[in-house]
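Per our numbering, the very first residue in the sequence shown carries number 1140; after that it's consecutive. Yeah, the Cβ is synthetic: ideal placement off N, Cα and C, and Gly gets one too. Treat the numbers as computed from the prediction; the structure is a model and nothing was measured. Here is the structure we will look at, set down as structure tokens.
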Amino acid sequence: ATKPADVKAMLKPILDFEKRSVTENYFDTLPKEIQEAIQAKRAEVGMTRDQVKMALGQPRDRIRETKDGEETEDWIYGLPPGKITFVTFTGQKVSKVKDTYAGLGGQTVPMPKPQQ
């Protein structure tokens, strides 16, 4: 009978089981605060797009804008009703993270009070 260790030995030239994935190696090179943010599944100012993807996954939407000649890109996470997170990139790094709560209709601001 072939033991798992034998199979591993036969496959070793093809698949090196000891090697870690590129993602794991990259993660180990990151500053501690960034590693902690990724593990806590939150975006932080100063993160790159790759780091945000590691923390939050793919955004459900991306919106690019140019204001005063500066291009920004918002990545949007979450669906109403619930928490919506806007991650704003300026250049290659996160410049702002904003969490808001959206109700069923997708409204993220309180409704104006009716006029008396």
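Item                                                                                                : Value
Burial state of G1196 (16 or more Cβ within 10 Å)                                                   : exposed
Euclidean distance between Cα positions of D1238 and G1221                                          : 10 Å
R1203 and D1189 closer than 9 Å at C-beta                                                           : no
Of the residues A1144, M1193 and K1235, the one placed nearest N1164, counting alpha carbons only   : M1193
Counted within 10 angstroms of its Cβ, other Cβ atoms place V1233 as buried (16 or more) or exposed : buried
Residue range of the alpha helix (DSSP H) that includes V1113                                       : For the chain, the structure presents residues 1140 to 1255; residue 1113 sits outside this window and is missing.
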